[in-house]
Amino acid sequence: MVSNSELTEKIIKKAKSLGASIAGVASVESLKNSPSHMIYPKIGLNLNENFHDSKEGSHAQDVFWPESAVSVVVIGIEHNPKEPELDWWDGKGTPGNRILIKVNNALSDWIENTLLITTHKLPYFVEKGGIFLKDAAVHAGLGCIGKNNLVVTPEYGPRIRFRALLLDKEASPTVSTQFNPCEKCEQPCRKACPVKAFQHTLYSPDTLGQHILPGINGTYDRVRCNIKMEKDIDEAARTMSTDDESRQENRQLIMQFEKSHISKPNVEMSFSYCVKYCRKCELSCPVGSA
């Protein structure tokens, strides 16, 4: 019989052979109590409002967990700055995410057919049954949450994207390290932000009921960050047409598709576009860039 630790080793080895840059395992119980999963019902997922602006009744519901799931496998794919197109939204999601889906599906098939363990492949979006992948990656020992509110890994810094699947059998969690490169860092990530999304403290332990906050110390402003993302959509629409009316129409089509992609991730846009979302806080991080 394969032990829990041997099971973890086999899964990680297979994930990497299928194309994952890194992989790890966390327990479902520990993840249920992770920072994002705890504050999610309090602040919701509306990127146009912060906690203090939220209206009563607008908060999100608890994340759904299959009762039989006990372990979480997290895989990551490096998004090298030399391949920026991996992170470009093109009407079919991003090329990087399509690679992640392919690896995740192949790993799920292997686990079910070879190890005879039931898996649950997860969608990317929490509101459609996904989990908070950043928290999952940290609990799987792959890195830590940085001052840019991204997962910072020893190997690749924050230049990595994640997917996950759940297992109905216990596998030993990957040992978490004390890796914390942000402690004495001069914060080039925050200084690089074009909309100053880290300028003010928005959350406190008193308001959220926990000490681990967005951006580590509660300074991450998702509303400002989302404003920049909408400007990036404007830029994509601008490159598609020269007249204002067509640009506005293109912008609306892109916005509608991006939202519908949450509920129908396999649907492709009827015309091509390219949104290059801001990565300045990510690309300015010195960790893993050697």
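The opening residue of the sequence shown carries number 1 in UniProt numbering; numbering runs sequentially from there.
Every residue, glycine too, gets a C-beta built ideally from N, C-alpha and C.
Its chain contains no residue whose beta carbon lies nearer than 7 Å to that of S3 once the 5 sequence neighbours on both sides are disregarded.
Note: R161 is bridge-paired with I77 in the DSSP secondary-structure output.
L115 and K121 have their C-alpha atoms roughly 16 Å apart. Ranking I75, I11, M255, S34 by CA distance to the CA of P214 puts S34 first. When secondary structure is reduced to three states using DSSP, W110 falls in the helix class. Under the criterion of beta carbons closer than 8 Å, D109 and Y277 do not qualify as touching, at roughly 31 Å. In this structure T177 is not in contact with A140, their Cβ atoms being roughly 11 Å apart against a cut-off of 8 Å.
Contact between the region 92-102 and the region 176-193 is absent, with fewer than three C-beta pairs closer than 8 Å. Fewer than three Cβ pairs drawn from the region 200-209 and the region 225-239 lie within less than 8 Å of each other, which leaves the two stretches out of contact.
Remark: C-beta atoms of I11 and V72 do not approach each other more closely than 9 Å.
The three-state reading of DSSP puts S27 in strand, counting E and B together. Contact between S21 and G76 holds: their C-beta atoms lie close to 5 Å from each other, under 8 Å. The C-alpha of I145 is placed about 15 Å away from the C-alpha of I39. The beta carbon of S30 lies closer than 6 Å to those of H139 in the same chain, with the five residues before and after it left out.
Between E112 and I254, the alpha-carbon positions lie close to 37 Å from each other.
For C274, DSSP assigns no beta-bridge partner whatsoever. In the DSSP assignment, H139 falls outside any beta strand (DSSP E) and within the unbroken alpha helix (DSSP H) covering 133-139.
DSSP places C185 outside both helix and strand once states are collapsed to three, so it counts as coil. Judged by their CB atoms, A69 and L167 are nearer to each other than the 9 Å cut-off. Pairing H79 with I160 gives a Cβ-Cβ distance under 9 Å. DSSP places H37 inside the alpha helix (DSSP H), whose first and last residues are 35-43. Within the DSSP secondary-structure output, S284 pairs in no beta bridge.
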